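Taking it in order: structure first as C-alpha cells, then the write-up.
2 protein chains.
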Amino acid sequence: MSVATEKRTGEHWSDRYAGLLAVGFTTLVIFALVVWPGIWRSAGSSVQKPGVGLPADAATLAGERGLTSDDIYAALKTYMPTGQLDPYIMIASGGQSGQMLVIGIPSMRILRLIAVFTPEPWQGYGFGGEGDKVLKAGFVNDKQPLTWGDTHHPGLSETKGEYDGQFVFINDKANARIAVIDLRDFETKQIIKTPNAINDHGGTFVTPNTEYVVEGPQYAAPIGYGYAPLDQYKDKYRGLITFWAFDRVQGRIDPARSFQIELPPYWQDLCDAGKGVSEGWAFCNSFNTELATGGIELGNPPFEAGTTKNDTDFLHIFNWKKAEEVFKAGKVEKIGGIAVIRLQTAIDEGILYFTPEPKSPHGADVTPGGEYVVVGGKLDPHVTIYSYQKIQDALKAGGFDKDAYGVPIIPLDKTMEAQVELGLGPLHTVYDDKGYAYTSLFLDSAVARWALGGPYASKHPEPGWTLVQKLPVHYNIGHIAAAEGDTASPDGQYVVALNKWSIDRFANVGPLLPQNFQLVDIAKTGDQMKLLYDMPIGMAEPHYAQIIKADKLKAFEVYPEVGWDPGKMAVDPKAVTAPENARVERKGNTVEVWMTVVRSHFTPERVEINKGDHVIWHLTNLERTRDATHGFALSGYNINLSLEPGENQTIEFDATQSGVFTYYCTEFCSALHLEMVGYFLVKP
Amino acid sequence: MSVATEKRTGEHWSDRYAGLLAVGFTTLVIFALVVWPGIWRSAGSSVQKPGVGLPADAATLAGERGLTSDDIYAALKTYMPTGQLDPYIMIASGGQSGQMLVIGIPSMRILRLIAVFTPEPWQGYGFGGEGDKVLKAGFVNDKQPLTWGDTHHPGLSETKGEYDGQFVFINDKANARIAVIDLRDFETKQIIKTPNAINDHGGTFVTPNTEYVVEGPQYAAPIGYGYAPLDQYKDKYRGLITFWAFDRVQGRIDPARSFQIELPPYWQDLCDAGKGVSEGWAFCNSFNTELATGGIELGNPPFEAGTTKNDTDFLHIFNWKKAEEVFKAGKVEKIGGIAVIRLQTAIDEGILYFTPEPKSPHGADVTPGGEYVVVGGKLDPHVTIYSYQKIQDALKAGGFDKDAYGVPIIPLDKTMEAQVELGLGPLHTVYDDKGYAYTSLFLDSAVARWALGGPYASKHPEPGWTLVQKLPVHYNIGHIAAAEGDTASPDGQYVVALNKWSIDRFANVGPLLPQNFQLVDIAKTGDQMKLLYDMPIGMAEPHYAQIIKADKLKAFEVYPEVGWDPGKMAVDPKAVTAPENARVERKGNTVEVWMTVVRSHFTPERVEINKGDHVIWHLTNLERTRDATHGFALSGYNINLSLEPGENQTIEFDATQSGVFTYYCTEFCSALHLEMVGYFLVKP
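Residue numbers (the working numbering), protein chains in the order written: chain Y, 1 to 684; chain L, 1001 to 1684.
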C-alpha cells in the first residue's frame, strides 16, 4: 500500500470562472448534465473509472444536507470505500483508560484498542492467559495490584530517527510504569514498574535508534517510595529520569542495562530526544521551579498559583551519551534495584544543564534535523526556539550561574534562536515536510502553523520564524500529531488536533463527553490549512499520538505457526497441534488439560474434575485462516481468552466452586458457533 | 434535532441522458464548469447554500482516488461536518468486552463506551467509586469476582412498543447476569447475578411497556449451580427463562416481583416479546432438542453434529400474562431466592407451548404489529413465518402431541403462515416502514430484503413473502439492526450489518481483527439497497444493536445539582458543595475526607494520615460547565474516578502502603491542569 500523493490546482474553479457566471443558467443545465463525465476526466489527473460522472442523487443530497464546498471536499478526502485501506495509522495513548488506540487516517476509524495497563476481555488480556503475567509484573512490589494506568505518550521505535514499525512504548503517569507493545501482533509484552518513582510524565520518547526509551518524571517525591513530610520538600524530594535500555532482539526493556538520573524536585514535564546534529542529547522542560507544596486549605497559595510565580522555569539539557559512559564506568548507586546517577555526579560529569524557559512550559520538541528545540510556554504567548549549536557554543565558553542544587544555568540569550508569538496557551509542536511547524494553542483553541527559520526557511514562501495561519479547533486542544511529524523526515499531508473538550460537537449521550480528534489537511502551503473531520473519542482521553505510514507496519496476519506463544513469540513446546493429542491428565490434585480449538469444536468437550483441584489448561487454536479467532470463556470462573489463528495460551487456576459450568467460544466463528461449547464439571 | 427525510429521483441522471452522451465533450467542458452552480440549484430540492457549487478540487480528488458515483453518494450521505449531529444513535452490545458502544448514525462514529460488566477507568467505573458496588452486586454468591461479561442483546426500554429513550438493559451470556443502564447519564446502575442459572442468551428483550425484561437461557445445567453428571442430563439439567420486573420510577429491576420458568434442557436461544395483537406473549427458539452432551474425545458426536441431527427444533411460545397471574397466585417454588414456576406448572397452566421450527434456528423476531414471528434457521435456507392468529386458533382447537417433558407441540402446519427462501444461513430479521423485512445471511455474507405479506403487502410493490434483493456484505454477518427496526413503527432509512469477520477490509494491525459494521441505505424501495460505510469495531464483538432516534434521548448535559450521587440519582446529603466546607476528620483509625474539585485545584491539597488508617473520601465536582469533567487518580492505590460536573463520589480503602503519593486530575481540564494535584502522605 502506498501513500497517495495528491495534486491540486490550489485554486477554486468557481473563482477562476467567476466572470462567466453572469451567463443564464437554465438553458445550460442540460449541457452541463451531459458533459459532466467530461469534466470528470479533465479534472481528475489519474481517473480510474472514466465516465462515472457525478451522481445526480449525490448533488441532491448535498443540497438537502446543506453541505458546503469545503464539506464536500472533506467528505471525499476522508471517505474510505469498502476494501480501501487507510494509508496512515495513528497510535494514540488512551489516558486514564490505561490503553492505546490504533486509528486509520484519513478515515479516522478506530481499527483496534490495545490493552496495556487495564485488563480487557475482548482481546483476552488479563482474564487467565499470558496478559495476567504481563500485568502482574507491573504491580507495586509484587503486592499492590494496579489494574489501570494513565497512558500519556506513545513512542514508536525508531531507526536513524525514522519510525521503523517494530515496537511502540507507553508510560503510565499514575504509577510511573512503562510498557512495550510488539507491532507484529499489537499486543503488550512487558510492563515494568519504574523503581523509586511515584509518577512519570515525560515518557515515552525514544533515542534515534531506540537505544533508550526515555521516561521523564512529573511530581517530585522522596526517591524509592519513602516517606518525608512536605516541610522537607527541598531536601528530601527529587525528580528522577529513567533511560530504559531496549533489547530489540528480545523485544524487551533490559533493566540491568538501564539507569536513572536524580534531578532537583522541580516538576519535570515533557521530554524529547535529540536527533541528527543533536543526537546523544535529550531535553525536558519543567515547572514548579518555585518548589511550591500547595496547601490551599492552610492558607498557602494553591498549586496553580504557587507553581506559576516565576517568569521562567528550566529546560533540562541532558548529555545521555555521557550519562551512558558514566553508568558503564560504575559511577552510580544501586537504589531499588536500578543504577542511579546521583545529582552531584550528573553535575560533575557534565550530564545535566539548565537554560531558562518561559512560564509553565509544556512541550519540548526537537526539529526534524535536530537543530532546534521548540518550547511552548502555556502561560506565555510565544514559542521559544533554542539552538542546539548555541547551546554547544555556550557550553564550550562555560562560566555559568547555578541553581540551588548546583546545576549550571546557561543564560537564555546564549541559547535562544528565536521567539514566535502564536497566541494563547501554546503547548506542543510537530513538523511537516515544507518547513512548517504546528503548535497547539490550548486557550485559543487553535492550531498555529508557523514558518521555521534556519535551514528550513527555503522550504516555504514565508520568512522564517513567522506565524502563517491559525485554524480554530473545537475545543481546548492539548497535544497535536502530524504524519511522521516527530521523525527526521515528516510527511506533511495531515495534522490531528487532540482536542480535550467537544462540548457541542456530538449528539448528547450524557455528562461524560468524548474528546474530539480533528483531522486537518495541511497539504497546501500558506494559510490553506483546512479542517477535514471530527472524530469523537468516547472511551479514552488520548494525550499524545504518533502517525506512521501504514506500509511500515508488518503485522502478522495469523501467527506464523500453530502453537505460537505470543509471550515468547515462538512456538510453545507444550502446545498440542492436533486434536488426537488433546487430553486431560491428573497428577495428585493437579489436572492438566491440553485442548485444541477449531471451527466448530473444542477437543475435549468435557472436562470433569473435583472441587479443590489445581487446573493447568493449555489451549491451541489450530486455524490458519485469517480472522478465524476463537474465544474461550469459562462461566463462573472469570476467565476469557482470545485465541488468534495459531495461538497457544495457558491458564492456571484452582477449582474453588463446584457445579456444572460451560466453556464456549466467544467469537462468532461459524454458523455453528453456538454449538462450540463444552461442559466443565466440578464434583463437590 | 429532527431526522432528515430525503427525496431522491431514484434514477441516475447519466442513465437518463445516456442518448446525449454522443455529443463531443471537450467544447462543452467550459460550459459545464460555468453552469455547475445551476445544476446544483436545480438538483437540490432544499438547497441551503445556493451558489456553492461543486468544488473543482473535490472533483480532482475523487478522480485521483478513483471514487465511483456510489462512493461519492455514500461519502456525502455519511460525512458529518463539524457541529452537525447524527440523527440516529445505535446502542450496540460489546460481546466479550463486557461493555456497550454508543454509535452515531449515519457517521458511524463511536460516541462513547458504556462500561457494564468490566471495570473501565476512563469513566472511573470500578476503580474506587460507585461502580465498585454495582460490579460487586454481580459477583457469584458475593464471593467469586466476575470482572468481565459477554454482553449480547441490548434492550431499550419501551412504552407502547416504542423506544422511550429512558433505559437500556443488557445480558451477560458468560455468567447469566443482567444490567440496567440509565440513559440520563449512560451509566450502569444495577447488575444482578441471575439466580439458579449458569449462562443466558435470549436476553435482553422487553415487553411493550417494559413491564418485564426477558432473559432467556442458553446451555442447560442443573438448576441452582448444582452438580449432576452428564449421564443425568435428561433428568437433572434444565433451561430457565427469567422475567425480570422493572421498576421504572426507581430505575431498577425488582427481583421480588420477578419470576423464572423452568424449561426442558433444550438450548434456548433468542427471544422476542409479542406486541400489538400479540402483546402478553413471548417467543424463544431453541436448538439441541436432541439433548446432545458432546464428548468428541470419547467417540461421541461433537456438539456441532449432535445438536443438529433433528430436522426441526422447538419454537417456545410463552403466555407471560398468564405466567404473571400464576406467579401472583403463588404457584411457584422459591429457589435460590427467586420464584420459579416449575415446568409441570407451566404446562398445566397453559404458559408454555412448542411448535416445530427449521433446523438450528437463531432468531425469533416479531413483526411491528405483532402479527407474525419470523424465525431464521441457520441450517435451512428459508425464514419461517408463524402467525400469531393461527397459533391462537390452534390453541383453541387443542389436541396436541407432547414432547418428552409433556409440553404441548402445535403442528407446524397449524402455525406457519409462509416460508421464504432467502439463501444460506439466515439468522436475524428486522423491519422497516415500507413493509420489508431484512434478514442477515451468515453463510451467504449478505443482507436479504424481502417483502412481508398480510397487512404489510400493500406497502411495497412486490408480492408478499418474496425475496426482493440480496446485498453482499463483508463478511459473515451475524445480527442486523435497523433504525427503530424492532419497534411498533420502524423508521426505514438505515440498516446496519453486524459482520463478524472483516478479513481484508482494513489495514492490518495484527492477527486479532476488528468486526465490520456496514451501514446500508434502505431508503429506496425495490432492489436499491446500497452499501454506505464500513466501520471497524476493534475493541468489542457486538452481537446485537438497536438504533434509536437521537431526539428521543434526553441525557443530562451536566448533573442537575452539585453533589449529585449518580447511584441514587439525587443529591448526596454528605456532599460538600463549597470549598470552605472541605475538611479532613479523624475518628480513631478512620479518616474521613470531604474534598471539592474545581478548575484547577482540589481542596484540600494535602492529606496526611498514618499507615493502616481506614480512609473514607468524598469528592464533589463543583463545576456547572458542560464538559468540565475532572478525574481523580490516586497513585499507587489503584484508584481513579471520573467526576462529571456536579458529581459526587465516595471511595473507601485501607492505607496499606506508606510513603508519599499524589492525587491528580486525569482529565485535561484547563491550561493549569497539570497543577491540579495534591499530596497524599502516609506515615510509616
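Glycine residues also receive a C-beta, built at the ideal position from the N, C-alpha and C atoms.
Nothing here was measured: the structure is a model prediction, and the numbers come from that model.
Strand pairing of residue i, partner residues [DSSP]
| i | result |
| --- | --- |
| arginine 177(Y) | Asp172(Y), Lys193(Y) |
| arginine 238(Y) | Ala221(Y) |
| lysine 1470(L) | Ala1448(L) |
| tryptophan 1594(L) | Arg1583(L), His1618(L) |
| tryptophan 120(Y) | Looking at the sequence provided, one finds glutamate at residue 120(Y) rather than tryptophan. Tyr125(Y), per the DSSP bridge assignment. |
| tryptophan 267(Y) | Phe287(Y) |
| arginine 1109(L) | Gly1104(L) |
| glutamate 162(Y) | Thr159(Y) |
| tyrosine 1663(L) | Leu1634(L), Gly1678(L) |
Chain-ordered chain L contacts of residue i [CB-CB under 7 Å]
| i | result |
| --- | --- |
| glutamine 96(Y) | Pro1121, Trp1122, Gly1631, Ala1633, Asn1640, Thr1666 |
| alanine 75(Y) | Ala1075, Leu1076, Tyr1079 |
| methionine 569(Y) | The premise fails here: methionine 569(Y) is roughly 12 Å from chain L at the closest Cβ pair, so nothing lies under 7 Å. |
| glutamate 297(Y) | Ala1582, Thr1603, Pro1604, Glu1605 |
| methionine 535(Y) | Arg1109 |
Top-ranked residue by Cα proximity to residue i, from the options
| i | options | result |
| --- | --- | --- |
| threonine 1312(L) | Cys1271(L), Ile1341(L), Glu1297(L), Thr1355(L) | Thr1355(L) |
| valine 473(Y) | Tyr456(Y), Val447(Y), Gly454(Y) | Val447(Y) |
| glutamate 667(Y) | Ala1221(L), Met1539(L), His1601(L) | Met1539(L) |
| phenylalanine 1205(L) | Leu1298(L), Leu1443(L), Val1366(L) | Val1366(L) |
| glutamate 130(Y) | Thr147(Y), Thr188(Y), Asn171(Y), Val180(Y) | Thr188(Y) |
| tyrosine 372(Y) | Tyr386(Y), Asp380(Y), Ser360(Y) | Tyr386(Y) |
| proline 1106(L) | Val1375(L), Phe1517(L), Gly1678(L) | Phe1517(L) |
| proline 1121(L) | Asp132(Y), Gly94(Y), Met416(Y), Pro566(Y) | Gly94(Y) |
| arginine 112(Y) | Thr118(Y), Ile89(Y), Ile410(Y), Asp521(Y) | Ile89(Y) |
| isoleucine 91(Y) | Met100(Y), Glu304(Y), Gly83(Y) | Met100(Y) |
| glutamate 1162(L) | Gln1392(L), Thr1210(L), Gly1588(L) | Thr1210(L) |
Beta carbon proximity, residue i to chain L, threshold 8 Å
| i | result |
| --- | --- |
| aspartate 164(Y) | no |
| tryptophan 40(Y) | With a pLDDT of only 34 at tryptophan 40(Y), under the threshold of 50, the placement of this residue in the model should not be trusted; the figure read from the coordinates follows. Yes - at least one Cβ of chain L is within 8 Å of the one on tryptophan 40(Y). |
| glutamine 48(Y) | In this prediction, glutamine 48(Y) scores a pLDDT of 32, lower than 50, which makes its location untrustworthy; the coordinate-derived value is nonetheless stated afterwards. Yes - at least one Cβ of chain L is within 8 Å of the one on glutamine 48(Y). |
| leucine 471(Y) | no |
| glycine 53(Y) | Note that glycine 53(Y) scores 44 on pLDDT, short of 50, meaning its location in the model is unreliable; the coordinates nonetheless yield the value given after this. Yes, because at least one Cβ of chain L sits closer than 8 Å to the Cβ of glycine 53(Y). |
| lysine 331(Y) | no |
| lysine 378(Y) | yes |
| isoleucine 89(Y) | yes |
| methionine 506(Y) | The amino acid at residue 506(Y) is misidentified as methionine; the sequence shows phenylalanine. Yes - at least one Cβ of chain L is within 8 Å of the one on phenylalanine 506(Y). |
Residue i: contacting residues in chain Y (beta-carbon distance under 9 Å)
| i | result |
| --- | --- |
| serine 1502(L) | Asp627 |
| serine 1600(L) | Pro302, Phe303, Glu304 |
8 Å Cβ cut-off: residues of chain Y touching residue i
| i | result |
| --- | --- |
| isoleucine 1198(L) | Ser635, Gly636, Gly659, Val660, Phe661, Thr662 |
| valine 1140(L) | Gly636, Gln657 |
| tryptophan 1148(L) | Pro119, Pro121, Phe127, Asn638, Asn640 |
| phenylalanine 1186(L) | Val509, Gly510, Leu512 |
Contact with chain Y by residue i, beta-carbon distance below 8 Å
| i | result |
| --- | --- |
| methionine 1529(L) | no |
| serine 1069(L) | yes |
| lysine 1683(L) | yes |
| arginine 1238(L) | no |
| phenylalanine 1653(L) | no |
| aspartate 967(L) | Not covered by the structure: residue 967(L). The range shown for chain L is 1001 to 1684. |
Chain L contact residues for residue i, given Cβ-Cβ distances below 9 Å
| i | result |
| --- | --- |
| glutamate 644(Y) | Gly1510, Pro1511, Leu1512, Leu1513 |
| glutamine 144(Y) | Gly1636, Tyr1637, Asn1638, Thr1656, Gln1657 |
Residue i: contacting residues in chain L (beta-carbon distance under 8 Å)
| i | result |
| --- | --- |
| alanine 575(Y) | What alanine 575(Y) touches in chain L: nothing, since even the nearest Cβ is about 16 Å away. |
Amino acids of chain Y, ordered along the chain, whose beta-carbon sits closer than 7 Å to that of residue i
| i | result |
| --- | --- |
| leucine 1085(L) | Phe506, Ala507 |
Beta strand (DSSP E) segments (min. 3 residues) lying fully within the stretch 1361-1442 of chain L: 1361-1366, 1372-1377, 1382-1387, 1416-1421, 1426-1431, 1436-1441
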